[in-house]
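Student:
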Amino acid sequence: MIKKISFISVTVIQVLFVISAFALQFLSKKKMGVMRHFVYYNKKFETIYNIPFLINAASFLILIIIIIAAIVFFYFFKSKIYSNKYMMLFNISLIILGILFIIFLRMFSRESLLAYYYMTLIFFIVYISEFIKTSLYYLFIKKSKNIKK
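Counted from 1, the sequence shown has number 122 at position 122 by my numbering; the numbering is strictly sequential.
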């Protein structure tokens, strides 16, 4: 029961994070103070950090997680004994979110979205929390059913 409530609360928090990312982008177009803030911090981030390297590293990390999620998905799909619809749902969501995040990283830039760096950070936090949620669920299944490799 506690696991279910915690997974639902994490999902609600993830949805709120995504809504806040789009709200930041909306406000960056409508409010001049928010626009100035993003312009200033975008320049500051570019001088302090190597942004292209960080974006490539994040893309690579997400690609590795997608591959791991696909392997686990096919493992659960092939073994009829340990077929679990929630685990398959978590893996599918992990794969789809990862693909969408990589598409976001590659299609948009700071020039097209003022809140690009903030949105990237928020989407990365959402994706990592989804990965942690999926991993914890896998460990709970493994512990409860004693899955042997």
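Beta carbons are placed, not taken as given, at the ideal position from N, Cα and C, and that holds for glycine.
In this text, all values refer to a predicted model and were calculated from it rather than measured experimentally.
#1: How far does the alpha helix (DSSP H) with Phe73 in it extend, from its first residue to its last?
#2: Would Tyr127 be called buried (16 or more neighbouring beta carbons within 10 Å of its own) or exposed?
#3: Pull up the distance between the alpha-carbon of Thr120 and that of Leu139, whole angstroms please.
#4: On the three-state DSSP scale, how would you describe Lys148?
#5: Could you check whether the stretch 23-31 touches the stretch 93-110, counting it as contact only if at least three pairs of C-beta atoms, one from each stretch, sit closer than 8 Å?
#6: With a 10 Å radius around its C-beta and 16 neighbouring C-beta atoms as the bar for buried, classify Val72 as buried or exposed.
#7: Would you kindly work out how many angstroms separate the C-alpha atoms of Ile64 and Phe38, rounded to a whole number?
#8: Under the assumption that Phe17 contacts Ile125 (Cβ atoms under 8 Å), give the Cβ distance between them as a whole number of angstroms.
#9: Assign Asn84 to one of three DSSP states: helix, strand, or coil.
#10: Of the residues Tyr75, Ser59, Lys4, which one's Cα is nearest the Cα of Phe224?
#11: Take Ser135 as the anchor and find which of Leu114, Lys4, Glu46, Ala69 has the nearest alpha-carbon.
#12: Using only alpha-carbon positions, find the residue among Pro52, Ile62, Glu46, Tyr41 that is nearest to Ile96.
#13: Going by DSSP in three states, Glu46 sits in which element: helix, strand or coil?
#14: Do you know whose CA, among Lys133, Val34, Asn91, Ile66, lies nearest Ser6's CA?
Tutor: Answer, in terms of the structure:
#1: 51-78
#2: buried
#3: 28 Å
#4: Annotation note: pLDDT 48 at Lys148 (below 50); position unreliable, coordinate value reported separately. Note: Lys148 maps to coil in three-state DSSP.
#5: no
#6: buried
#7: 31 Å
#8: 6 Å
#9: coil
#10: Because the chain in this structure spans residues 1 to 149, residue 224 falls outside the shown range and cannot be described.
#11: Ala69
#12: Ile62
#13: helix
#14: Lys133
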